[in-house]
Structure formats: structure tokens, C-alpha cells
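Converting from the sequence shown to the working numbering requires adding 8 to each position, the first position being numbered 1.
Note that CB positions come from ideal geometry on N, CA and C, so glycine has one too.
Because the structure is a prediction, the values reported are computed rather than measured.
Structure, as C-alpha cells:
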Amino acid sequence: MFYIQVLTPGIWLVVDYQEKEFDYRITGERWTLCRSGSTTKPLSQQPLDGLWTRLAPVPTPRAEVAAAELNGKIYVFGGFGAGARANEEYDIAADLWRKRAPIPRGVDHAAAVALDGKVYLIGGFNGRFQPVDTVWSYNPESDAWTPLADLPTPRGGLGAAVIAGKIYAVGGVGPGGDVGTTEVYDPSTDSWESRAEMPSPRDHLALSVVDGRIYVIGGRLGSYAQNLADNEVYDPATDNWDVNEPLPTSRSGIASGAVGGKIYVFGGESTAGTFDENERYDTATGGWAPAPGLPTARHGHAAVALGQRIYVLAGGPTPGGSQSSQNEVYIVLPREGP
């Protein structure tokens with residue numbers, strides 16, 4: 009695995025774990041590594057996809073976080089332990105963090121989305137693994153929180169997405185266990201409505217949007233001893249769910265991001281440990297392929313996609329309640345030079 013050190017037009021300088029310098033070049037559908045300054049003796053060639061690099065760490069080590077991007081900044085909310093009320097803002101361009109107004113009530117395993125200048129924090133657990141129905145909007149301009157209409161079904165370990173100005177909350181653990189509940193929030197009326205249930209109830213899942221449809225991948229039934237590989241897609245236009253090719257590696261405590269019609273599913277946990285897997289789902293072909301794995305295997309992290317990059321933040325390096333400050337970005341490389 010290699011990390012980008014310098015980006016220049018047509019040539020990337022990357023380093024390996026031993027900090028040796030290489031040149032990275034794109035040729036057709038493959039990338040080539042050569043020793044720095046040499047173009048005649050390639051060290052390896054691999055299918056073209058992406059590379060990882062590390063960024064400024066999350067100030068408060070956490071796991072089971074929620075995150076969303078708004079106007080070039082990523083907001084990381086909540087999490088286990090000292091991070092339960094944390095609200096930290098990452099400036100992507102500057103690679104800098106700052107603390108913002110804390111969440112009014114501590115939460116972990118929540119979901120977050122951005123819409124119309126605000127970030128919404130939905131559901132989660134209250135620190136005692138009890139699902140909550142609280143919904144908040146956060147305004148970065150005023151650094152203020154506003155309570156909104158309660159989530160009809162209290163739950164944690166859920167996913168959320170924005171489509172056509174509305175917020176969809178899917179799955180999770182409710183008071184009676186795992187649910188396939190799909191509920192949609194209209195900010196213009198501050199109200200929720202029910203939609204068709206997801207076929208496979210689950211929690212600790214990954215959720216991404218491609219072409220106006222919601223893909224829900226992986227997760228578990230109650231514990232990471234019962235991990236799932238389900239891959240189901242919801243179309244809000246028809247209020248219908250379909251079943252897709254399952255995730256190759258059953259995992260939970262995962263996160264995903266979508267770039268160019270492909271969904272990348274990162275990390276996770278099981279009884280055997282944490283995963284560094286990065287598996288790519290092509291929504292056009294319905295097929296899966298491996299991609300370069302996480303530099304730091306972990307679970308309970310968040311993933312935020314922006315342009316050709318997917319930021320993977322925080323998470324626990326061992327199963328259960330562990331925490332970290334990791335901030336690693338996966339850069340999906342173009343098929344031709346920049």
C-alpha cells in the first residue's frame with residue numbers, strides 16, 4: 009500500500025511504508041510504480057483505482073461517529089466516551105480542525121446529512137445503548153443547534169441520505185431490535201412520513217446514494233457475530249426496494265462513499281477482529297471488485313465523499329468500544345492523467 013506525498017500534473021510522487029520515494033504514472037487502465045527519477049524499470053503494475061493518504065487527525069479520539077460535508081468542511085459528531093457531545097469541524101482545503109458548539113445531548117451511533125446550509129443529526133444511542141428519537145439541525149454560520157420533529161421510530165446504528173430536498177432514515181436498532189424502517193423527513197414542514205420497509209432489517213450498515221437511489225449494504229443482526237452481506241437499493245420515486253449482488257465480505261460497523269457510480273465499502277468488525285477491506289460496487293454493472301484496503305483497519309468510522317475523494321474518519325481499531333483519531337482519505341484516480 010502506498011501513500012501520496014506530492015501531486016503534480018501527470019505524475020504522482022508516492023511513498024511506501026519505508027518512506028522510499030516512487031513515481032506513479034497512469035498508462036491506460038493501469039498504474040506503474042518506478043523508483044524516483046526512473047521510467048525504465050517499473051517495480052509493479054496494478055489495476056487503476058486509487059491511493060490512500062493520511063490527513064490531520066480528528067482532535068477527539070472516537071468511534072461510532074456520524075459525519076457530513078457542507079461547503080468544503082466535514083463535521084464529525086458524537087461517539088463513544090468523551091466524544092459523545094463532540095462537534096468538530098474539518099477544513100478540507102486547510103487540513104485543519106476546530107471545535108464547534110457541542111451537541112445538546114450526547115449521542116453515538118447516529119446518522120448525519122447536510123442540506124440547504126445545515127447539518128442534520130438523526131437518532132443514535134444515548135450512551136447506554138438505548139435508541140433515541142432526537143433530531144437536530146446544526147447551523148455552522150451561527151454555530152447553533154435547533155431541535156426538530158422527533159424521529160417516529162427511535163433507533164441507533166441507522167443510515168441517512170438526502171434526495172430531492174428530503175432526508176431518508178433507514179434501518180437501525182429500535183426498542184424491539186433490528187428494523188427495516190424507512191422514514192422520510194420534509195424540512196419545509198418539519199414532519200416525518202413512513203415509506204416501504206427495507207427487506208432485510210439490520211444495523212451498523214453502510215449507506216450511499218447514486219443517481220437518486222439509496223444503496224444499503226452490509227450490517228448485522230444485533231451483534232457482530234451475526235454480520236450480513238445484504239445489498240439492497242431503494243428508489244424513492246417508486247417507493248420500492250430491490251435486491252442486488254451481496255457484499256463479498258460480510259461486515260458490520262462499516263461506512264461507504266460513492267464516486268462516479270461506484271460505491272466503496274470500508275472497514276468493519278467481526279468476532280475475529282476489525283477489517284481493512286475496501287470493496288467496490290459498480291452500480292452500472294452490479295458487480296463487486298477489491299480496491300486498496302484501509303491503511304488502518306477499524307469499525308465505527310464515518311465516510312464522506314467529495315469529488316474524487318472519500319474521507320474515512322475516526323473509528324475503533326479493535327472490536328467493541330475502542331477509539332481512534334484516524335483521518336485517511338481514499339483518492340479515486342482518473343483513468344487518464346489530470
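query = If SER351 sits next to VAL273, beta carbons under 8 Å apart, how far is it from one beta carbon to the other, in whole angstroms?
reply = Nothing about residue 351 can be reported from this structure: the residues present for the chain run from 9 to 346 only.
message = Taking contact to mean 3 or more Cβ pairs, one atom from each stretch, closer than 8 Å, check whether the region 134 to 153 and the region 201 to 210 are in contact.
response = no
key: Among LYS126, LYS174 and ASP284, the one whose alpha carbon lies nearest that of PRO155   = Locating residue 155 in the sequence shown gives position 147, counting from the first residue. Nearest C-alpha to PRO155: LYS126.
task = Leaving aside the five residues before and after TYR146 along the sequence, list all residues of the same chain whose C-beta is less than 6 Å from its C-beta, in chain order.
result = Stepping through the sequence shown from its first residue, residue 146 is reached at position 138. Within the same chain, TYR146 has close Cβ partners VAL127 and TRP153.
query = For ARG306, does the count of other Cβ atoms within 10 angstroms reach 16, so buried, or fall short, so exposed?
reply = By 1-based counting over the sequence shown, the position of residue 306 is 298. Buried.
Distance between VAL340 and GLU97 (C-alpha atoms, nearest Å) = Taking the first residue of the sequence shown as 1, we reach residue 97 at position 89. Taking the first residue of the sequence shown as 1, we reach residue 340 at position 332. Their backbone Cα atoms lie some 23 Å apart in a straight line.
request  = Can you tell me which of GLY328, PRO325 and HIS309 puts its alpha carbon nearest to the alpha carbon of TYR319?
outcome  = Taking the sequence shown and counting its residues from 1, the one referred to as residue 319 is at position 311. Ranking GLY328, PRO325 and HIS309 by Cα distance to TYR319 puts HIS309 first.
message = I'd like the span of the beta strand (DSSP E) that includes ILE130, first residue to last.
response = As a first step, residue 130 is located in the sequence shown; it is residue number 122 there, counting from the start. Per DSSP, ILE130 belongs to the beta strand (DSSP E) from 126 to 130.
query = ALA74 and GLY58: beta carbons closer than 8 Å?
reply = The count along the sequence shown starts at 1 and reaches residue 74 at position 66. The count along the sequence shown starts at 1 and reaches residue 58 at position 50. Not a contact, by the Cβ cut-off of 8 Å.
ask   = To which residues of the same chain is ASP247 closer than 6 Å at the C-beta, ignoring the five residues directly before and after it?
value = For the purposes of this step, residue 247 is taken as the residue at position 239 of the sequence shown. For ASP247, where only same-chain residues beyond five positions count, the Cβ hits under 6 Å are ARG203 and ALA204.
key: Start and end residues, beta strand (DSSP E) containing VAL167   = Taking the first residue of the sequence shown as position 1, residue 167 is located at position 159. Before going on, a small fix: residue 167 reads as Gly here, not Val. Note, GLY167: beta strand (DSSP E), 167 to 171.
Residues that ILE175 bridges to, as DSSP identifies them = Taking the first residue of the sequence shown as 1, we reach residue 175 at position 167. Beta-bridge pairing links ILE175 to VAL170 and TYR193.
query = If you follow the beta strand (DSSP E) that ASP243 is part of, which residue opens it and which one closes it?
reply = For the purposes of this step, residue 243 is identified with residue 235 of the sequence shown, where counting begins at 1. That run of the beta strand (DSSP E) goes 239 to 243.
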